[in-house]
Amino acid sequence: MHSTMRKLLNIEDSKYRGTSRCSKKNLVTRVGLDKNNTYKYEITKYLYAASDVPSETEKVKQSNWMGFVGVATDEGKVALGRRDILIAWRGTVMVSEWNDDFENSLVQPTEIFGENTNDILVHKVKVLEEMHNSHILEVYLHGIAGTHGPEEEFKLEINRDIALMNKAEDVLKDEYGVPVSWWIEKNKGMVQQEDGFWILMDHDDDTLISYHRL
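FYI, in this note's numbering the residues of the sequence shown are 194 to 407.
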């Protein structure tokens, strides 16, 4: 999820808005998944999808980058014990995608909860919102890696970097010395040239492929 959300190019000034910042060969490295990681993957395909509602602010009208297909390398196959295939896609980001989300009509789940559902749903939604208000997967992964039940002490079973918790959130105590939402694109994609001038170079050339509506 992080790889797809963070590497979607969503800058209004970019002529490549709606594509991936990275080529397939560079994606794993650019999102920090290559170092000290025995589970090696090669990104083989990029996934694209189109919204039915066009947006004036998005440069790519046909489709937007949604995710990728990855296949375990020979080295990764040894570590995993199989030739694993990984498919990852992102959540809602672009304006036209939000328009589609808002168009969905809500209906009462009377077949599941019966006729008196309003009070039940309002209460449950409030409780869930308080308990699970984070939208970042890293927070949940950290919890899963160290939770041993309500009666046991929290203890990480794997050597997981605690700095990932603050990648796009503000959840760590100040004593850890990790900045809030520290994962940002360097200089927002602006790159200084040999003549001293700066230009927007925000994605790899080989991400420019033919777009197809899914």
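Using N, Cα and C, we set each Cβ at its ideal position, and we do this for glycine too.
Under the three-state DSSP convention, the category residue i falls into
i              : result
lysine 200     : coil
alanine 272    : helix
isoleucine 351 : coil
isoleucine 337 : helix
glutamate 235  : strand
asparagine 230 : coil
alanine 243    : coil
isoleucine 402 : With a pLDDT of only 45 at isoleucine 402, under the threshold of 50, the placement of this residue in the model should not be trusted; the figure read from the coordinates follows. If DSSP states are grouped into helix, strand and coil, isoleucine 402 belongs with coil.
methionine 324 : Model confidence at methionine 324 stands at a pLDDT of 46, short of 50, so the residue's coordinates are unreliable; what they give is reported in the following sentence. Reduced to three states, the DSSP call for methionine 324 is helix.
alanine 361    : coil
tryptophan 291 : helix
valine 221     : helix
Rounded Cβ spacing between residue i and residue j (contact assumed at less than 8 Å)
i              : j              : result
tryptophan 282 : leucine 349    : Contact flag wrong, Cβ pair sits at about 28 Å.
glutamate 362  : isoleucine 329 : 5 Å
arginine 223   : tryptophan 376 : Their Cβ separation, rounded to whole angstroms, is 11 Å, which puts arginine 223 and tryptophan 376 out of contact at 8 Å.
alanine 242    : serine 256     : 6 Å
Reference residue i; option with closest CA among the options
i              : options                           : result
leucine 201    : Glu378, Gln386 and Tyr234         : Glu378
tyrosine 232   : Lys238, Val221 and Ala242         : Val221
isoleucine 204 : Asn380, Glu387 and Gly389         : Asn380
valine 271     : Gly284, Asn230 and Thr285         : Asn230
glutamate 290  : Met259, Lys228 and Met394         : Met259
lysine 228     : Asp354, Ala243 and Leu393         : Asp354
methionine 383 : Arg276, Asp395 and Trp376         : Asp395
threonine 237  : Leu279, Tyr333 and Thr212         : Leu279
valine 286     : Gly211, Asp388, Tyr369 and Gly269 : Gly211
glutamate 416  : Tyr234, Pro343, Gly389 and Glu346 : Lying before the first or after the last residue shown, residue 416 is absent from the chain, which here runs from 194 to 407.
Cross-strand partners of residue i (DSSP beta bridge)
i              : result
serine 213     : Leu201
tryptophan 282 : Gly260
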